[in-house]
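Going down the list, the sequences are from chains P and R.
Each residue of the first sequence is one higher than the last, beginning at 11 in our numbering.
Each residue of the second sequence is one higher than the last, beginning at 11 in our numbering.
Built from N, CA and C at the ideal position, the CB exists for glycine as well.
Keep in mind that this is a model prediction, so the values were computed, not measured.
2 protein chains.
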Amino acid sequence: MRTTNDILRAAKAAAPVLAAAGTEQKNAALHCMADALLAAEETILAANAEDLAAATDIREVMKDRLTLTPARIRGMADGIREAAALPDPVGITLSETTRPNGLRIEKRSVPMGVIGIIYESRPNVTSDAAVLAVKAGSAVVLRGGKEAYRSNAAVTAAMRAGLQAAGLPEDLVCLVEDTTRASSVEMMEAVGLIDLLIPRGGAGLIRAVTEHAKVPCIQTGTGICHIYVDKTADQEMALSVIENAKTSRPSVCNAEEVLLVHRDIAGEFLPKIARRLREDRAAAGKPVVELRLDARAAAIIDGTPAGPDDFDTEFLDYILAVGVVDDVQAAIAHIAAHSTGHSEAILTADDAAADDFVCRVDSAAVYVNASTRFTDGGEFGLGCEMGISTQKMHARGPMGLQELCSYKYVITGSGQIR
Amino acid sequence: MRTTNDILRAAKAAAPVLAAAGTEQKNAALHCMADALLAAEETILAANAEDLAAATDIREVMKDRLTLTPARIRGMADGIREAAALPDPVGITLSETTRPNGLRIEKRSVPMGVIGIIYESRPNVTSDAAVLAVKAGSAVVLRGGKEAYRSNAAVTAAMRAGLQAAGLPEDLVCLVEDTTRASSVEMMEAVGLIDLLIPRGGAGLIRAVTEHAKVPCIQTGTGICHIYVDKTADQEMALSVIENAKTSRPSVCNAEEVLLVHRDIAGEFLPKIARRLREDRAAAGKPVVELRLDARAAAIIDGTPAGPDDFDTEFLDYILAVGVVDDVQAAIAHIAAHSTGHSEAILTADDAAADDFVCRVDSAAVYVNASTRFTDGGEFGLGCEMGISTQKMHARGPMGLQELCSYKYVITGSGQIR
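What follows is the structure in structure tokens.
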């Protein structure tokens, strides 16, 4: 068994080879990795079966996340080929200037170096995350969940075989072998060995990493997303957007958790949205949304009275907190007090209200007349996504390949001195 | 006395007012701050005299850093007016796209929110750093050194008076009143109250902040800068560049600390550079540079034999470590093992060697045929500088106003759902 420190050092030693590789070599390596993954299908499925057999005490939804199938392995391979087809984010001239003294100063995108990823039970993250890091020119050290270790090891072995087939060091993709808490802590403290650490998982993991990491890290994830319906909103549009934002995939971070309605239309709109999310869905055989109401909303429609935490909870479920506010200013103030800075929307026909909302709501993605569900690398046209940042440093919102890169200044002169 | 937590909360409450202010209002406020600083000259000098009187046990060089004079206060006011004249970094459309579904997605620069700065003894940093933060639209919480507290408080009071005169909340600029270690720790752990923490000072401070901070922070500073003289270098140019990089201001982070010379020219070049840095400077009455030589250099010229740490030390003095390497690859490998990732230069007439060096040296600023001393916000044309980042996340190299900002996505639709 290699220690986590050995693995980090091996990745760091391998990284410069990839950083010096050209676009074609990187893309060829990605295709080799996809081929190797498909070739290893039986081995991977066997390893996954062992993980599943050992996972007797986990919930059914977790079991589903842990499960690999031939179709999912093909999906992983397709994801690798899609990454190969994306533009190379490395080596781009971000800006260039020539100074009065003749120095030419170029700001050029470069790889991060070594990217660490700590994630939970989905084995497909093993290839998805590794491949984006490699495409961005960085070595990657993966630390997955214990319950998926055999699957992750089999996927990693295939990707390493692909790298080797392409003439690149296999240590560009490493899986941490120690699945105790010690290895996570070691990664968080690996100053000089990890250039960027990304946690992917639940709120507990993300809080632990952002609080304890001594290496640069990105806070991803938690989304208490708000939709505010202004008094001028097109109410038919609002019904459709709210149902979409709440119910199209309630378990994800860009799903709506809180609905705020302008007081002038609350008496008209709240009964409509209640019908749409409850009676209409029940009639259509779809899961019904539980509404948790503040006092003003409860005076208009019936539902569960909101508890003290309901406006500060990421339900990730068919539950929606509903409040009535005096105006757009009150909505902005409510969001400032309760949001996680992920995604918020205003539905309005009033340009001034939209502009005010957009300027003053301090979140990664602020929408006018659209569902919060679009906060996603693919939907934003980034081509891929490594997670959604809710911090303001380095990357905010969906992180694509560009956000996995750094830059350097290249200065060319003819003997200039200062 | 306000607690550090009170101060942080006050700054956070004030920040949205500045974030919503327009360019003209911000610039008007900066001019008010400059006026107020000049108007408070006597008060500031009196406070500074008290600090100096109390500072009996500090070195002469530290005393000089601590001293304010009418000229230095004018310099601070001029700095504020220069910041006012710079382009506003906030509200810029960084990119814009319209997706096939009609959603318009704008990536727009926005203020960080609250910027924390922990610094050491120079009271001029109080205004320099605060003003850049304000120009970038953020509230700033300053935590200066104990020995400069009275001076910092007087400068801060003047800036707050200026903000008030301009109709902005004075809590946009706050000085931490507790100068014990506790307040630094409190800032490092102020999750949710500080959006970006920047340490400005010595290596010990920077290490403490990057290791203990739970809030996003930037590693600034330490520079073990290398110059490599290739076999094809113009040796006259090399003499001039090396003398400049080493001696023009040895106490700063972009000064050269290590000289590497290609073995083919070492026999010819080392005696020339030794004469230039020692005999010629002695004859001109200038401080002489002590050369610390590796074994191969010591076989050619005389000097101090390099000790085990001399190639890993930021001397900040008239001392230069000198080594002989086999070729550009060996120089790159040496730099990878010993550099702090700040600034390195190759002096060469060989384009292929220059290109190799520039691509493979993983530092914030990589030079071809110029002095490392140019790594500076002003010299790079950024107009100002908050410090020099040696990390790869968020900002690398000189940090100007743009690097003090974040961004958000503003998405405008017409009812799109996913």
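{"Check": "Whole-number beta carbon distance between P/VAL368 and R/VAL338, since they are thought to touch under 8 Å", "Outcome": "Actually they do not touch by this definition, with Cβ atoms about 51 Å apart."}
{"Check": "Contacting residues, own chain, Cβ-Cβ under 6 Å from P/ASN162 (five flanking each side not counted)", "Outcome": "PRO133, THR136, GLY154 and LEU185"}
{"Check": "P/LEU330 - partner residues in DSSP beta bridges", "Outcome": "P/LEU301"}
{"Check": "Beta strand (DSSP E) segments (min. 3 residues) lying fully within the region 317-396 of chain P", "Outcome": "329-335, 353-357 and 375-380"}
{"Check": "Residues of its chain near R/ARG406, where Cβ-Cβ distance is below 7 Å and the 5 sequence neighbours each way are ignored", "Outcome": "ALA374 and SER399"}
{"Check": "Beta-carbon proximity of P/SER193 to P/THR350, cut-off 9 Å", "Outcome": "no"}
{"Check": "CB contact flag (P/LEU287, P/GLY333, <9 Å)", "Outcome": "no"}
{"Check": "Closest residue to R/ARG191 among R/LEU301, R/GLU130 and R/VAL268 (Cα-Cα distance)", "Outcome": "R/GLU130"}
{"Check": "Inter-stretch contact (C-beta, 8 Å, three-pair minimum) for the region 195-211 of chain R and the region 92-103 of chain R", "Outcome": "no"}
{"Check": "P/GLU221 vs R/LYS224 beta-carbon contact at 9 Å", "Outcome": "yes"}
{"Check": "Below-9 Å beta-carbon distance, P/PRO260 vs any chain R residue", "Outcome": "no"}
{"Check": "Host beta strand (DSSP E) of R/HIS41 (start-end)", "Outcome": "Counting along the chain, R/HIS41 falls outside any beta strand (DSSP E), though it belongs to the alpha helix (DSSP H) covering 33-49."}
{"Check": "Assumed close pair R/ALA429, R/PRO121 - CB separation to whole angstroms, cut-off 8 Å", "Outcome": "Summary: the structure shown does not reach residue 429 of chain R, with chain R confined to residues 11 through 428, and so no result is reported for it."}
{"Check": "DSSP-derived helix/strand/coil call for R/GLU267", "Outcome": "strand"}
{"Check": "Where the beta strand (DSSP E) containing P/LEU185 begins and where it ends", "Outcome": "183-185"}
{"Check": "Close-in-space but distant-in-sequence residues of the same chain around R/GLU413 (CB under 8 Å, 5 per side omitted)", "Outcome": "MET396, SER399, HIS404 and ALA405"}
{"Check": "P/ILE252 to P/GLY391 span [Cα, whole Å]", "Outcome": "23 Å"}
{"Check": "Where P/LYS402 falls: helix, strand or coil (DSSP)", "Outcome": "coil"}
{"Check": "Anticipated Cβ contact below 8 Å, R/ILE128 with R/MET197, distance rounded", "Outcome": "6 Å"}
{"Check": "With 16 other Cβ atoms within 10 Å as the buried cut-off, status of P/ARG209", "Outcome": "It should be noted that the sequence gives Pro, not Arg, for residue 209 of chain P. Result: buried."}
{"Check": "Residues of the region 249-279 of chain R with Cβ closer than 7 Å to any Cβ of chain P, in chain order", "Outcome": "SER250, VAL251, ASN254 and SER258"}
{"Check": "Delimiting residues of the alpha helix (DSSP H) encompassing P/ARG273", "Outcome": "273-284"}
{"Check": "Validate contact between the region 234-241 of chain P and the region 265-277 of chain P using beta carbons, cut 8 Å, 3 pairs", "Outcome": "yes"}
{"Check": "Beta-carbon proximity list for P/TYR328, same chain, < 8 Å, skipping 5 on both sides", "Outcome": "LYS256, THR257, PRO260, PRO297, VAL298, VAL299 and GLU300"}
{"Check": "Cβ neighbours of P/ILE345 in the same chain (closer than 7 Å, five flanking residues each side left out)", "Outcome": "HIS236, GLU354 and VAL371"}
{"Check": "9 Å Cβ cutoff, P/LYS402 in contact with chain R", "Outcome": "yes"}
{"Check": "Under the three-state DSSP convention, the category P/SER137 falls into", "Outcome": "helix"}
{"Check": "Own chain residues within Cβ distance below 8 Å of R/GLY112, not counting five before or after", "Outcome": "GLY423, SER424 and GLN426"}
{"Check": "Bounding residues of the alpha helix (DSSP H) (the contiguous stretch that carries P/ALA93)", "Outcome": "80-95"}
{"Check": "Contact set for P/ARG82: own chain, Cβ-Cβ below 7 Å, skip 5 residues either direction", "Outcome": "ASN134"}
{"Check": "Inter-residue CB distance, P/LEU47 and P/ILE90 (contact presumed, cutoff 8 Å)", "Outcome": "7 Å"}
{"Check": "Separation of P/LEU104 from R/VAL144, as counted between CA atoms", "Outcome": "26 Å"}
{"Check": "Enclosing alpha helix (DSSP H) for R/GLN432 [first to last residue]", "Outcome": "This structure cannot speak to residue 432 of chain R, because chain R is shown only from 11 to 428."}
{"Check": "Below-9 Å beta-carbon distance, R/ILE237 vs any chain P residue", "Outcome": "no"}
{"Check": "Same chain, Cβ closer than 7 Å to R/ALA308, neighbours up to 5 away in sequence not counted", "Outcome": "PRO315"}
{"Check": "Endpoints, the alpha helix (DSSP H) within which P/GLY214 is located", "Outcome": "213-222"}
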